[in-house]
Each structure stands twice: as C-alpha cells, then as structure tokens.
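These notes concern the structure reproduced below.
Number of protein chains: 2
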Amino acid sequence: MKSGQAEIMETSKGIQKSGLMSRRIAILEFILRIVAFFNTIGSAILMGTTHETLPFFTQFIRFQAEYNDLPALTFFVVANAVVSGYLILSLTLAFVHIVKRKTQNTRILLIILDVAMLGLLTSGASSAAAIVYLAHNGNNKTNWFAICQQFNSFCERISGSLIGSFIAIVLLILLILLSAIALSRRH
Amino acid sequence: MKSGQAEIMETSKGIQKSGLMSRRIAILEFILRIVAFFNTIGSAILMGTTHETLPFFTQFIRFQAEYNDLPALTFFVVANAVVSGYLILSLTLAFVHIVKRKTQNTRILLIILDVAMLGLLTSGASSAAAIVYLAHNGNNKTNWFAICQQFNSFCERISGSLIGSFIAIVLLILLILLSAIALSRRH
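For the record, the sequence lines run as chains A and B.
The first sequence begins at 1 in this note's numbering and counts up one residue at a time.
The second sequence begins at 1001 in this note's numbering and counts up one residue at a time.
As structure tokens, then:
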C-alpha cells in the first residue's frame, strides 16, 4: 500500500513540476512578444518618417529623398506594421497559455501564425536590406550610383530601422521554438 | 471483466490509429522535403549559370551581365545551395520519423533547423526579388536604370529562378506546421 501511495505522490509532484515549467515558458513567451512588438513598431515608424531635403537646389529641381521613393522600403514599413499589429493581438493567446493548462490547439494556431509572420517580416527586412546595401555601395556594373553619398541622414535612418526588424526576426524564431517545446511537453 | 477487455481493445485501437496517422504525416514530410530540395537546387543552378553577352561592343567595352555582378543574387545562390544541402541531410531524420515511434527530440531538432533554414531562404529570395524588381523597373528618383531593357534573357532567367525558391519557402512553412502537429499528437 505504502509504495502505491509513494508512487502517486511521485507522479503528482512530476505533474506539478511540469505544469510550473509550462507556465514559465508561457510567461517568457509573453515577454518576448512585447519586446518584438516594440522592435517592429519602432522600425516601421523610423523608416516611415524618413525623408531628407538637400540644402542646395536649382531653378527646377529640389533634391529630396523619401522612404517611399523605393518600393522595397514601403514594403518594409507595411510588413513591420502588420507584424506589430499581429504581435499585439497574439498577446491575448499568449495570456491564455499562462492561465490555462489545455492549450494544444491555440498553440498550433499560434505556431502557424508565427511562422507566417516570420516569413513576412524576413521578406520585408531582407528586400529593404538589399536596397539599403545598394544605396550605400552602388553598383558600377549596372551603373547604379550610391545615393548615400548625397543623402547621408536619409541613409543612416533607413539603415538604423533595419536593426529593430532583424531583432524581431530572431525573437519570432525563439517564439516558434518555445511553442514547439511547449507542445512536445504536453503529455 | 468483459467491459475491462472491451476498454483495453478500444484503447489499443486508438493507439494503432494514432500511430498510423503519425506515420502518414512522416511520409508526407519525407516527400515534401524531396520536392523542396529539387526547387532549391534548381533555383541555385539556374541563377548560378546566368550570364549574357550583348551582340554589340565597342573598342574598349564588351557588354556582359553575370549573376555575381549583383551581391544579392550571389547571396541567393549561396542561400539556395545551403538549404538544398540541408534538405538532403534532413531526409535521414525524416526517414527515422517514419520507422520509429519515439521521435520527440529529433522532431524538436528538425523544427529548430527548419525555422532557421526558412529564415535563410526567405532572406535570400526576398533580397534577390528586390534587385530583380529594380532591374526590371529601374527607379527614376534614384536614377537607377532598368538594365532589363538591354539584358533581356539575363532578366528572364534571374526572375525564373526566384519561383523555385519561393515554392520551397511555402514547402518549408508546411513542413514546420506538420512537425508542430506531429509533436502535439505525441500523447
């Protein structure tokens, strides 16, 4: 009889420990989503408010550069805005994972959405990075000149806004892995 | 006694059905990896063998265009080559998931690697897409001319090679979701 009771005690301790671990994963997930939100919204705002007017101009031309002069930078702003909106909404599900125990279906839904957002964010950040690289270095084979030689502060801001987005990409990858680990701990 | 036996029969039928479902997921996964492999290796080869020499030339200049004239296209070739190598190697783990039942740890490992490869492939394809878009349309705000007006077949091939890579991105997203579903069915 005694060994039976000991066994039951053992299993219930195990379940408690496992429940505690799942809750910690859920809390960490909640925090990472908030950090990723601030990174993506910051990137979208920084890029979306980037424009520069050069101090010299001619009778006909005024030298200006705005982020939406380049489609890849516009795509970057849209992608970061969409992902930051998603991250705020996903906090509700992340909160459910903290308070509730049976979270298998919402976790699979969250992994599906996180992977889709990872694709969108990586796509936005990478295409913008390709254009920012070109703006800095130009390309003499195609005669595309490095505009950053004239528009210095424009280029600093568009480069700076990439950093937040790439940090959010790393955080999204971590979130997907946390969800996978939480899913596998389900039994 | 009878109801006990019926119950045992019921549970063992359940386990059998669940095992069958898991095996089907594993086989589907194996096939998707092979399809994704051919898409990425095809994209890498198509892009990597792209070059065009225009029929006219001057005393000093011969008009040529090669994929490695543009760093984003070189990154595309490297990313697709790395991911196709990974996909071949991952077939071994995918095969283990077909034959073995206890696959939790290898599934988590595969999700981690798949997510990383998704990031790399999306990054390669998106930065190349930004440059291909620029090559086709140019940008009059930055005076970057559309080189596709001269290098027609070069542009057709670099655009065509993007398709295989984006198909492989969709397949990788499916693979991650299949792994998540398989992980959640573990109990």
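By construction, the Cβ of each residue, glycine as well, lies at the ideal position given by its N, Cα and C atoms.
Beta-ladder partner(s) of Asn1139 of chain B, from DSSP | Beta-bridge annotation (DSSP): Asn1139 of chain B is paired with B:Trp1144.
Worksheet entry | Straight-line Cα distance separating Ser184 of chain A from His1187 of chain B | At His1187 of chain B, the pLDDT of 49 sits below 50, so the modelled position is not reliable; the number obtained from the coordinates is stated separately. Put simply, the backbone Cα of His1187 of chain B is about 9 Å away from that of Ser184 of chain A.
* DSSP state of Thr40 of chain A, grouped into three classes? -> Correct three-state label for Thr40 of chain A: helix.
Specify, as a first and last residue, the run of the alpha helix (DSSP H) that Tyr86 of chain A falls within. For Tyr86 of chain A, the uninterrupted alpha helix (DSSP H) segment begins and ends at 71 to 99.
Next on the checklist: I'd like to check one pair, Leu1093 of chain B with Thr1106 of chain B: are the Cβ atoms closer than 9 Å?
Outcome noted: Yes; because the gap between Cβ atoms is below 9 Å, this pair is in contact.
- Close-in-space but distant-in-sequence residues of the same chain around Ile1111 of chain B (CB under 8 Å, 5 per side omitted): Residues Ile1176, Ser1179, Ala1180, Leu1183 of the same chain have their beta carbon placed closer than 8 Å to that of Ile1111 of chain B, with the five preceding and five following residues left out of the count.
List the endpoints of the continuous alpha helix (DSSP H) containing Arg157 of chain A. 152 to 184 is the span of the alpha helix (DSSP H), which, as asked, contains Arg157 of chain A.
Three-state class that DSSP yields for Thr50 of chain A in the structure shown:
In the structure shown, Thr50 of chain A sits in coil (DSSP, three-state: anything other than H, G, I, E or B).
For Gly1124 of chain B and Ser1165 of chain B, which I take to be in contact (beta-carbon distance under 8 Å), what is that distance rounded to the nearest angstrom?
At roughly 7 Å, the Cβ-Cβ gap stays under 8 Å, so Gly1124 of chain B and Ser1165 of chain B are in contact.
Looking only at its own chain, which residues have a Cβ that is under 6 Å from the Cβ of Thr1074 of chain B, when we skip the five neighbours before and after it?
Counting only Cβ-Cβ distances below 6 Å, and skipping sequence neighbours, we find Asn1068.
task: Please work out which residues of its chain come closer than 7 Å, Cβ to Cβ, to Leu174 of chain A, disregarding the five sequence neighbours upstream and downstream, and give them in chain order.
output: Excluding the 5 residues flanking it on each side, Leu174 of chain A has same chain C-beta neighbours closer than 7 Å at Leu32, in chain order.
Identify the contact partners of Tyr133 of chain A in chain B, using a Cβ-Cβ distance below 9 Å as the criterion. Scanning chain B for C-beta atoms nearer than 9 Å to the C-beta of Tyr133 of chain A yields Pro1071, Ala1072, Ser1127, reported in chain order.
Practice problem: For my contact list, Ala36 of chain A and Leu162 of chain A are in at a C-beta cut-off of 8 Å; report their separation, rounded to the angstrom. | Solution: Taking a contact as a CB-CB distance under 8 Å, the pair Ala36 of chain A and Leu162 of chain A does not count as one, their CB atoms being some 15 Å apart.
Looking only at its chain, what residues have a beta carbon closer than 6 Å to the beta carbon of Ile1147 of chain B, apart from the 5 residues adjacent to it on each side?
The residues are Ala1135.
| Considering only the beta carbon of each residue, do Ile131 of chain A and Leu70 of chain A sit closer than 9 Å? | Contact: yes.
Exercise. With burial defined as no fewer than 16 other Cβ atoms inside 10 Å of the residue's Cβ, what is the status of Thr1050 of chain B: buried or exposed?
Worked result: The residue is buried, with at least 16 neighbouring Cβ atoms inside 10 Å.
Item to complete: Have a look at A:Leu20, A:Arg23, A:Phe76 and flag the residue whose alpha-carbon is nearest the alpha-carbon of Ile41 of chain A.
Response: It is A:Phe76.
Check your understanding: Whose C-beta lies closer than 7 Å to the C-beta of Arg23 of chain A among residues of the same chain, with five residues either side of it excluded?
Key -> Within its own chain, the residues whose Cβ lies closer than 7 Å to the Cβ of Arg23 of chain A, once the five positions on either side in sequence are excluded, are Ile98, listed in chain order.
- Measure from the alpha carbon of Gly119 of chain A to the alpha carbon of each residue in B:Val1082, B:Asn1139, B:Ala1168, B:Leu1091, then state which is nearest. If we check each option's Cα against that of Gly119 of chain A, B:Ala1168 comes out closest.
Interface residues of chain A around Asn1152 of chain B at Cβ under 8 Å? Neighbours of Asn1152 of chain B on chain A: none; closest Cβ ~15 Å, over 8 Å.
Closer than 9 Å at the beta carbon, the chain A residues around Ala1180 of chain B = Neighbours of Ala1180 of chain B in chain A, taken as residues whose beta carbon is under 9 Å from its own, are Arg107, Ile108, Ile111, Ile112, Val115, Ile176, Ser179, Ala180, Leu183 in chain order.
Checklist entry - Roughly how far, in whole angstroms, is the beta-carbon of Asn1143 of chain B from the beta-carbon of Phe145 of chain A, given that I think they are within contact range, below 8 Å? => result Confirmed, about 7 Å.
Can you name the residues that DSSP bridges to Ala1065 of chain B?
Answer is B:Glu1052, bridged to Ala1065 of chain B.
What is the DSSP secondary structure of Thr106 of chain A, counted as helix, strand or coil?
When DSSP states are grouped into helix, strand and coil, Thr106 of chain A belongs to the helix group.
Exercise. Could you check which residue in A:Ala116, A:Ile158, A:Val96 has the C-alpha nearest to that of Ile25 of chain A?
Key: When each option's Cα is compared against that of Ile25 of chain A, the closest is A:Val96.
> Does any CB atom of chain A fall closer than 9 Å to the CB of Ser1123 of chain B?
Replying inline: Put simply, the CB of Ser1123 of chain B is near chain A, with a gap under 9 Å to one of its CB atoms.
Exercise. Can the beta-carbon of Thr1122 of chain B be found closer than 9 Å to that of Thr53 of chain A?
Worked result: No, the Cβ-Cβ distance between Thr1122 of chain B and Thr53 of chain A is not below 9 Å.
Original post:
Taking Cβ-Cβ distances shorter than 8 Å, what residues in chain B pair up with Leu173 of chain A?
Top reply: What sits at residue 173 of chain A in the sequence shown is Ile, not Leu. Think of a sphere of 8 Å around the beta carbon of Ile173 of chain A: the chain B residues whose beta carbon falls inside it are Val1115, Ala1116, Gly1119, in chain order.
ask   = Nearest to Val78 of chain A by CA position, among A:Ala6, A:Gln64, A:Ser43, A:Met21, is which residue?
value = The residue with the shortest Cα to Cα distance from Val78 of chain A is A:Ser43.
Cβ of Ala26 of chain A less than 9 Å from any chain B Cβ?
Not closer than 9 Å to any Cβ of chain B, the Cβ of Ala26 of chain A fails to qualify, so no.
Is the distance from the Cβ of Leu91 of chain A to the Cβ of Ile34 of chain A below 9 Å? In this structure, Ile34 of chain A lies closer than 9 Å to Leu91 of chain A by Cβ.
Note to self: Counting only beta-carbon separations shorter than 9 Å, does Gln1149 of chain B have a partner in chain A?
What the structure shows: Answer no: the Cβ-Cβ gap between Gln1149 of chain B and chain A never drops below 9 Å.
Alpha-carbon to alpha-carbon, Ala128 of chain A and Gly160 of chain A
Approximately 12 Å, taken between the alpha carbons.
Next on the checklist: In whole angstroms, give me the CA-to-CA distance for Glu29 of chain A and Asn137 of chain A.
Outcome noted: Taking the straight line joining both Cα atoms gives about 39 Å.
Using a Cβ-Cβ cut-off of 9 Å, state whether Asn1139 of chain B counts as contacting chain A. Proximity of Asn1139 of chain B to chain A, defined by a Cβ-Cβ separation below 9 Å, is satisfied.
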